[in-house]
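Novice:
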Amino acid sequence: MQQVGMIINETLRLYPPAVFIMRQTYKKVMVGSLKVPAKTQLFLALTAIHHDKEIWGEDCNEFNPDRFSEPRKHIAAFFPFGLGPRTCVGQNLAMIEAKIFLAMIIRDCSFSISPTYCHSPIMFLTLQPQHAAQILFRRISC
Ligand code: HEM
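First residue of the sequence shown? That's 915 in this note's numbering, and the numbers climb one at a time after it.
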């Protein structure tokens, strides 16, 4: 289950369904050394942070679930469910659901991506595969 969680986290790092989140300052604030006036809209690009070489290293665009075996250096390096008081209320449900679903599949089946699959993520409200994701399942015989 721990490894399944690492695989799901790495998928959410590379392809966060919510590509960005927005915030608006209600008063003058300092962000590091930056003075941000009141009523400024801040656009927080998850994809940029999730693919930052300084945070994730040279292989930041590679799928490597092992990077989640170590504790994160910075809490805000990975936030597919948002952060702070408005963090996703469905986070635990979504993660448990995904873990159970994936664990049930790999118990009985092996799977690979179909040759018909065309890698073309698109943002359509959320990030999703533009031409769907065709997957080939094979039942594992005992
Ligand atoms: C993979 C699945 C999901 C992802 C990636 C996701 C992502 C997010 C993100 C990034 C936010 C923060 C938005 C912001 O800060 O502006 C959020 C908020 C929220 N999510 Fe999710 N979510 C997921 C599943 C769910 C599920 C299953 C539920 C409900 C059962 C849910 C309910 C909510 C609600 C109600 C909020 C608003 C919380 C608030 O503003 O106080 N989400 N979600």
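Quick reminder that beta carbons are idealized off the backbone N, C-alpha and C, glycines included.
Since the structure is predicted, the reported quantities are computational estimates derived from the model, not experimental observations.
1. Quick test of your reading: leucine 958 and arginine 937, contact by CB under 8 Å. State the CB separation rounded to the nearest angstrom.
2. Should phenylalanine 1025 be labelled buried (16 or more other beta-carbon atoms within 10 Å of its own) or exposed?
3. Compare the C-alpha of cysteine 1002 against each of Met944, Asp980 and Pro931 and name the closest.
4. What are the residues that DSSP puts in a beta bridge with valine 1003?
5. Specify whether the segment 940-948 and the segment 919-930 touch according to this definition: at least 3 beta carbon pairs, one from each stretch, less than 8 Å apart.
6. Looking at the unbroken beta strand (DSSP E) that takes in leucine 960, where does it start and where does it end?
7. Can you list the residues near the ligand HEM, meaning Cβ strictly closer than 6 Å to any non-hydrogen atom, in the order they appear in the chain?
8. With a CB to CB cut of under 6 Å and the five nearest residues on each side skipped, what residues in its chain are close to leucine 1050?
Specialist: Judging by the given coordinates:
1. Residue 958 sits at position 44 when you count from the first residue of the sequence shown. Residue 937 sits at position 23 when you count from the first residue of the sequence shown. Indeed they touch by this definition, with Cβ atoms about 7 Å apart.
2. Translated into positions along the sequence shown, residue 1025 becomes position 111. Exposed: under 16 other Cβ atoms inside 10 Å.
3. The residue labelled residue 1002 in the question sits at position 88 within the sequence shown. Distance check between cysteine 1002 and each of Met944, Asp980 and Pro931 places Pro931 closest, using alpha-carbon atoms only.
4. Position 89 of the sequence shown, counting from 1, holds the residue named residue 1003. In DSSP, valine 1003 forms no bridge with anything.
5. Put simply, the segment 940-948 does not touch the segment 919-930. Fewer than three CB pairs are less than 8 Å apart.
6. Position 46 of the sequence shown, counting from 1, holds the residue named residue 960. According to the DSSP assignment, leucine 960 belongs to no beta strand (DSSP E) but to the alpha helix (DSSP H) extending over 960-964.
7. Every residue whose beta carbon comes nearer than 6 Å to a heavy atom of the ligand HEM appears here in chain order: Pro931, Ala932, Ile935, Pro994, Phe995, Gly996, Arg1000, Cys1002, Val1003, Gly1004, Leu1007 and Ala1008.
8. By one-based count along the sequence shown, residue 1050 stands at place 136. Excluding five sequence positions before and after leucine 1050, the CB atoms of its chain that fall closer than 6 Å to its own CB belong to Ser1026 and Ser1028, given in chain order.
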